[in-house]
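Colleague:
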Amino acid sequence: MEDHPEEQMLHYVIYQSKAKGPVDPAVHNDILQRSQENNRAAGLTGFLHREGRFFLQYIEGPKASLHETINRIRQDKRHSGMRILAEGQRDNRTLPDWQMGFVDNGQLSLAELLETSEDRLELKTVDPFDLVVFLAANADGLRHRH
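Take a look at the structure:
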C-alpha cells in the first residue's frame, strides 16, 4: 500500500453559516453529541461557536475526512448560507485535545470584539487566524469552566 503524503497532512477549514432556528439547548446538545462521535471517528478536532443567528466553526484533520465532513455539514438543514472563510494546511493541531465544543453568548463575543451587532456578524473581512485564536480562547475558557 502506497503512502499518500497529501492525505497525511493536517488540513483545516473555517466556515460561517446562519442558523435556521432560535437558540435551543436541545438542538445544540444534539449537534455537539453527533459532532463528537463523528469527529472522533474521523480524526477531526475543532470548535463550534454560535452567536445570535450565526455559527462559526473551525475543523482540522486529515484532508479526506475533513472534506467528507464539510460536505455533510453543508447538507445539514439546521443552517444555511455556509461560507468557507479560510482553508489550508497546518503543521500542528490548534485544538489537539478538543473533539468538538459548543458555546453560545456565554463566552467571548465576536460581535463585541468586532464592535458590531450579532445580527450583522460579517466575518469575510476578518483575518482567519484571528478567528482561530478567538475560537481557541473560547475552547480554553470552556475547558477550564468544567
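When the letters of the sequence shown are read in order and numbered with the UniProt record's numbering, they come out as residues 1 to 146.
Glycine included, each C-beta is placed from N, C-alpha and C at the ideal position.
(1) By the three-class DSSP mapping on this structure, what secondary structure does lysine 18 have?
(2) If we ignore side chains and look at the alpha-carbon of each, how far apart do asparagine 92 and glycine 21 end up?
(3) Mind pulling the beta strand (DSSP E) runs of 3 or more residues that sit fully within the UniProt domain "BLUF" (10-101)?
(4) Can you give the Cα-Cα distance for serine 17 and glycine 46, rounded to whole angstroms?
(5) Whose C-alpha, out of Gln33, Phe54, Asn38, Arg83, is nearest the C-alpha of glycine 61?
(6) With distances taken between CB atoms, is the gap from valine 13 to glutamate 87 smaller than 7 Å?
(7) How would you call glutamine 57, buried or exposed, if buried means at least 16 neighbouring beta carbons within 10 angstroms?
(8) Are alanine 26 and arginine 53 touching if we call contact CB-CB under 7 Å?
(9) Considering only C-alpha positions, which residue in the set Gln33, Arg50, His28 is nearest to phenylalanine 134?
(10) Give me the residue from Arg83, Ile73, Gly43, Arg72 with the minimum Cα distance to leucine 95.
(11) Isoleucine 59: which of Ser35, Ala137, Gly81, Gln75 sits nearest, CA to CA?
(12) Taking 7 Å as the threshold (C-beta atoms), are arginine 74 and methionine 82 in contact?
(13) For tryptophan 98, which option in Ala136, His11, Tyr15 has the closest C-alpha, if you only look at C-alpha atoms?
Modeller: Short version:
(1) strand
(2) 35 Å
(3) Qualifying beta strand (DSSP E) stretches, in chain order: 10-19, 45-51, 54-62, 79-90.
(4) 16 Å
(5) Asn38
(6) yes
(7) buried
(8) For the pair alanine 26 and arginine 53, the CB atoms are not nearer than the 7 Å cut-off.
(9) Arg50
(10) Gly43
(11) Considering only alpha carbons, the answer is Ser35.
(12) yes
(13) Nearest of Ala136, His11, Tyr15 to tryptophan 98, Cα basis: Ala136.
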